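Okay, so here's the structure we're looking at.
2 protein chains.
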Amino acid sequence: MKKSPFAPKRAAKMPPINGVELAVTEAGIKYKLRTDLLLAKFTPDTVVAGCLTKSKTASGAVEWCRNNLKSGKQARALIVNSGNANAFTGAAGEKSVVNIGATVATTLGCEPGEVYQSSTGVIGEPLPVKEVLGGIETCAGQMGEGTYQTAANAIMTTDTFPKFTSRNCQIEGETITLNGIAKGSGMIAPDMATMLAYLFTDMPISQPILQKLVSKAVEASFNSITVDSDTSTSDTVLVFATGKAAISPVVDEKDVRLRPFKSMLNRVMKELALLIVKDGEGISKFVTIRVKGAKGKRAAKRIALSIANSPLVKTAIAGEDPNWGRIVMAVGKAGEAADRDLLNIWMGGHLVTQNGGRVPDYNEAPIAEHMKGETIIIEVDIGLGRGKAEVWTCDLTHEYISINADYRS
Amino acid sequence: MKKSPFAPKRAAKMPPINGVELAVTEAGIKYKLRTDLLLAKFTPDTVVAGCLTKSKTASGAVEWCRNNLKSGKQARALIVNSGNANAFTGAAGEKSVVNIGATVATTLGCEPGEVYQSSTGVIGEPLPVKEVLGGIETCAGQMGEGTYQTAANAIMTTDTFPKFTSRNCQIEGETITLNGIAKGSGMIAPDMATMLAYLFTDMPISQPILQKLVSKAVEASFNSITVDSDTSTSDTVLVFATGKAAISPVVDEKDVRLRPFKSMLNRVMKELALLIVKDGEGISKFVTIRVKGAKGKRAAKRIALSIANSPLVKTAIAGEDPNWGRIVMAVGKAGEAADRDLLNIWMGGHLVTQNGGRVPDYNEAPIAEHMKGETIIIEVDIGLGRGKAEVWTCDLTHEYISINADYRS
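Going line by line, the protein sequences match chains A and B.
Each residue of the first sequence is one higher than the last, beginning at 3 in the working numbering.
Each residue of the second sequence is one higher than the last, beginning at 3 in the working numbering.
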């Protein structure tokens, strides 16, 4: 597969996080000569919060994580394999999930309820459990030798580049670090996108507060991206906080020390989400869609996603065609209040549509020029209210068809 | 554009309908050497019923028809142009609609409120009104010389074959005929699909009863097809009943004479809807999706459409890949009640997935064989209730991208 033109030119530096140890291996689950298993070990009292797919046919690993999250217990381990999603594999699949959870717990000396797990890759094929169990042993033997870069590599499927980023903030003179890794390039849509993202921080913070921040941050990041409107059965975002930074823990929502942490969390989640879109299957253009003037925030987001998910809008962008009529069509089908005669549309900052019609002095040259670029910006003013939203997507290309018409073979 | 492999091998015979006269011409709206204008003239007291797009940014012609339908008045004329949708053309577009309605009324000697109109083609470009008005005059001069076949030709845009069908039934020894023509190949999705369909019958029937039958028939035909999940701004289904057949009019819903008429109406609508899917942009496979065992009828339809609209399912079909995992994914994202472990899936009549997992004695050979065919059948049993639905779609191919990435040029 061709590498996405949007792969970062320069890799982010990934400092260690106190309380997190990583290991990866080539377990041989599906791919050859490629790492496909990540095992992370967390210090006692690590707090975890997360968001999981809303799919009604979620995979066993997702249900496992959902149950563990509910318990509110500490997290001591994370295991992720690529190459096989262990989804829709019936009773055998369920058994593997339990087996993997128990094996990690025994190997690292913790409870199964403290182990988090994900599987990503082809669905409907039996998971080669023996390989996974072998990989767990190998990883345990080299615990701490992995890096966030190698971890990001090990969880890739059709991704064309590994996704990782790191930010830090200062709280009471201490440096708090937040590292994130992610994967996902197709089957990306809210809620959630088909994707896995794991964040690791040394922030001392209580579980309920972390969960609240995470749920909010996901809305404006992973739930604001779409590649093909398909929702995966395995989507998982987990944030692990070891609490090892030398400040007293945040246990109150109104604690002012939350502010820098919150911005950092939002920023890292958005960076990871954009990396996922930028590796959208077959992407040739990265598209930002901003909607304002909708009746409310929710309406704005639905309209923005309707534009972002429209195959006709996406193919027009692939064809570098400033076909604003299709944008109006997508606004109309969103099901939210809209008045054709109040609509204004900008492409690349140029006003194209005014009050529902083409601007009188329409000059396609600068807009056509914008469409030839790699970064497309579409702005829509619904003209009815104050609701705003921003979502990110990519175009729909021949390459997407090629990748997905022949994924299994 | 390559002709769809699903174009009918043999054209339906289209008898005349007493009270309907047709004319077509090459008005030169966009295409060259191709008819692009249809004018139909109806006898006095012709009853009309219809369904129009639910798009919030509907075109002026759709709003015109909606107003006229509401009045419950007779219909005396229908004018349809292809090549330009006259949508999002601002005040000038609105003016054209009024202008066209008035010109047809004057030319044929009726009220503007008795004229129905549609425009289909590119959106956002000004409609060349002069050409349309010239075409009206030409058509009026040769009224009655058109046929249903030439009418179906004149309303085509990216269609690769004209769509028309005819059925009849016997009521009190009289033959009642129902002719239908339609167009539409992309931007097809409920509600409604991007499509135009006009039906003509000599059935004597009251307007409210006809409207009731039409609304119901549309649900199981035009609202059960999808090509690309995009909803057009111009979708229109209109049924014109001249009442010229020699039976007394049906004015009571419980009239037993409605039964054969209703079956005929349902059948013709379904035939036209399937012709539209069979000309889906870039189609290489015609796909039937049947869902049963859902919590209700509405849930079954949402699940069926979720499968039918999934780009990942559609590309897998294009790639002849029996990737049932993606079907489970699409069931999961529909948002309706589903239990992974109760799901059964058949492809081409072969049980593939049982209780959420691959059948124990899975043999891909016959299923792979089925996927190589042109007609794909996917059946899903949700296992929860008695809700059933059937929808029709096509695969998502390179050809679809080629057509839509470069439609305007």
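All C-beta atoms, glycine included, are put in the ideal place defined by N, C-alpha and C.
Fair warning: this is a prediction, and the values are worked out from it, not measured in the lab.
Compute the Euclidean distance between the alpha carbons of B:Arg328 and B:Thr317, then round it to the nearest angstrom.
10 Å
Between the stretch 378-393 of chain A and the stretch 349-356 of chain A, do three or more beta carbon pairs fall short of 8 Å?
yes
Could you name the residues of the stretch 326-337 of chain A whose beta carbon sits closer than 8 Å to any beta carbon of chain B, in the order they occur along the chain?
Trp326, Gly327, Arg328, Val330, Met331, Ala332, Val333, Gly334, Lys335, Ala336 and Gly337
Check A:Phe8 in the structure and name its three-state DSSP category.
coil
Counting only the same chain and skipping the five closest in sequence on each side, list residues whose C-beta sits under 7 Å from that of B:Asp397.
Ile285, Ser286, Lys287, Val289, Lys316, Ile319 and Ala320, listed in sequence order.
Does any CB atom of chain B fall closer than 9 Å to the CB of A:His400?
yes
Can you grab the Cα-Cα spacing for the pair A:Leu41 / A:Val270, in whole Å?
22 Å
Does the distance from the C-beta atom of A:Leu274 to that of A:Gly123 stay below 9 Å?
no
Specify the secondary structure class of B:Glu133 as computed by DSSP and reduced to three states.
helix
Are any of the Cβ atoms in chain B nearer than 9 Å to that of A:Cys396?
no
Taking just the CA atoms, how far does A:Ala306 sit from A:Val333?
8 Å
Near A:Ala339, what residues of its chain come up, given a Cβ to Cβ distance below 7 Å and the 5 sequence neighbours on each side ignored?
Lys297, Ala301 and Leu386
Count the CB pairs spanning the stretch 200-220 of chain B and the stretch 252-263 of chain B that are closer than 8 Å, and state whether there are at least three.
yes
If contact means a Cβ-Cβ distance below 9 Å, which residues of the stretch 124-135 of chain B contact chain A?
Val124, Ile125, Gly126, Glu127 and Pro128
At least one CB of chain A closer than 9 Å to the CB of B:Ile102: is that the case?
no
Compute the distance between the beta-carbons of A:Ser61 and A:Gly95, then report whether it is under 9 Å.
yes
Within the 9 Å Cβ cut-off, does B:Asn406 reach chain A?
Yes - at least one Cβ of chain A is within 9 Å of the one on B:Asn406.
If we count Cβ pairs, one from each stretch, closer than 8 Å, do we get three or more for the stretch 136-143 of chain B versus the stretch 20-28 of chain B?
yes
Of all Cβ atoms in chain B, is any one closer than 9 Å to the Cβ of A:Phe263?
no
Pull up the distance between the alpha-carbon of A:Gly74 and that of A:Glu116, whole angstroms please.
10 Å
So, does the CB of A:Gly298 fall closer than 9 Å to a CB anywhere in chain B?
no
Alpha carbon to alpha carbon, what distance is there between B:Ser223 and B:Asp281?
So the two alpha carbons sit approximately 15 Å from each other.
Counting only beta-carbon atoms, is B:Lys5 nearer than 9 Å to chain A?
no
Who are the neighbours of B:Arg360 on chain A, taking C-beta pairs under 9 Å?
Phe90, Thr91, Gly92, Gly126, Glu127 and Pro128
So, is B:Gly413 buried or exposed, given that buried needs 16 or more other C-beta atoms within 10 angstroms?
The question about residue 413 of chain B has no answer here: the residues shown for chain B are numbered 3 through 411.
Which runs of the alpha helix (DSSP H) at least 4 residues long sit entirely within the stretch 142-174 of chain A? Give them in chain order.
Entirely contained in the stretch 142-174 of chain A, the alpha helix (DSSP H) runs reaching 4 residues are, in chain order, 150-156.
What's the C-alpha gap between B:Ile403 and A:Ala391?
28 Å
Might you give, ordered along the chain, the residues of its own chain that have their beta carbon closer than 6 Å to the beta carbon of B:Met145, omitting 5 neighbours on each side?
Glu23, Ala25 and Lys43
How many whole angstroms separate the CB atoms of B:Phe90 and A:Gly358, which I take to be in contact at a CB cut-off of 8 Å?
About 6 Å separates the two Cβ atoms, so the contact holds.
Between B:Ala184 and chain A, is the shortest Cβ-Cβ distance under 9 Å, so that the two count as touching?
no
Assign A:Ser265 to buried or exposed, taking buried as 16 or more other Cβ atoms, counted over all protein chains shown, within 10 Å of its Cβ.
It is exposed - the Cβ of A:Ser265 has fewer than 16 other Cβ atoms within 10 Å.
Give a yes or no on whether 9 Å exceeds the smallest Cβ distance from B:Lys412 to chain A.
Summary: the structure shown does not reach residue 412 of chain B, with chain B confined to residues 3 through 411, and so no result is reported for it.
Work out the CA separation of B:Leu135 and B:Ala107 for me, nearest whole Å.
12 Å
Can you pull the chain B neighbours of A:Ser208, defined as C-beta to C-beta under 7 Å?
Within chain B, no residue comes near A:Ser208; the closest Cβ sits about 33 Å away, beyond 7 Å.
Distance check for B:Glu127 and A:Gln356, CA to CA, integer angstroms please.
13 Å
With distances taken between CB atoms, is the gap from A:Met331 to A:Leu344 smaller than 9 Å?
It is not a contact, given that the beta carbons lie outside the stated cut-off.
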